[in-house]
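Only one structure is covered here, and it is reproduced in the block below.
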Amino acid sequence: MADNSATEAAERRKTQRFVATRRGEQCFWVIIDGQRHPLSDLSLSGFAMPASSPLPAGKAFEFVLQRANVPDEIRGFAKVVNHI
Numbered sequence: 001m002a003d004n005s006a007t008e009a010a011e012r013r014k015t016q017r018f019v020a021t022r023r024g025e026q027c028f029w030v031i032i033d034g035q036r037h038p039l040s041d042l043s044l045s046g047f048a049m050p051a052s053s054p055l056p057a058g059k060a061f062e063f064v065l066q067r068a069n070v071p072d073e074i075r076g077f078a079k080v081v082n083h084i
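Going by UniProt numbering, the first residue of the sequence shown is number 1, and it counts up by one from there.
As structure tokens, then:
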């Protein structure tokens with residue numbers, strides 16, 4: 001049996017994720033502290049984004065999700081869980 005402990009530790013989301021691109025183009029972004037970042041993927045329980053300067057683990061932050069060609073925004077609070 002393979003040891004999946006590293007994989008399980010890295011991935012905490014238990015719901016299905018989907019890639020945040022459509023036809024190869026970025027279609028979801030997150031705004032944190034006024035900075036817009038493309039999302040890698042998202043799910044009901046979280047999202048992932050490339051971060052050149054990751055937020056500190058455990059830090060709670062306010063965010064805004066945006067979708068291409070949709071004027072609505074989704075606002076919320078999240079907490080950094082891990083960095084991969």
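From the three backbone atoms N, C-alpha and C, an ideal C-beta is built for every residue, glycine too.
Return the first residue and the last residue of the beta strand (DSSP E) that residue i is part of.
i, result
"His37", "Gln35 to Pro38"
"Arg75", "Val70 to Lys79"
Could you have a look at residue i and say whether DSSP puts it in helix, strand or coil?
i, result
"Leu65", "strand"
"Ser43", "strand"
"Gln26", "strand"
For residue i and residue j, I'd like the C-alpha separation in whole angstroms.
i, j, result
"Lys79", "Ser43", "15 Å"
"Glu73", "Trp29", "10 Å"
Pick out whichever of the options has its Cα sitting closest to the Cα of residue i.
i, options, result
"residue 102", "Asp41, Leu55 and Val19", "Residue 102 is absent from the structure shown; the chain starts at 1 and stops at 84."
"Asn69", "Gly58, Lys59, Asp33 and Glu25", "Glu25"
"Leu65", "Arg17, His37 and Phe18", "His37"
"Gln16", "Arg67, Phe47 and Phe77", "Phe47"
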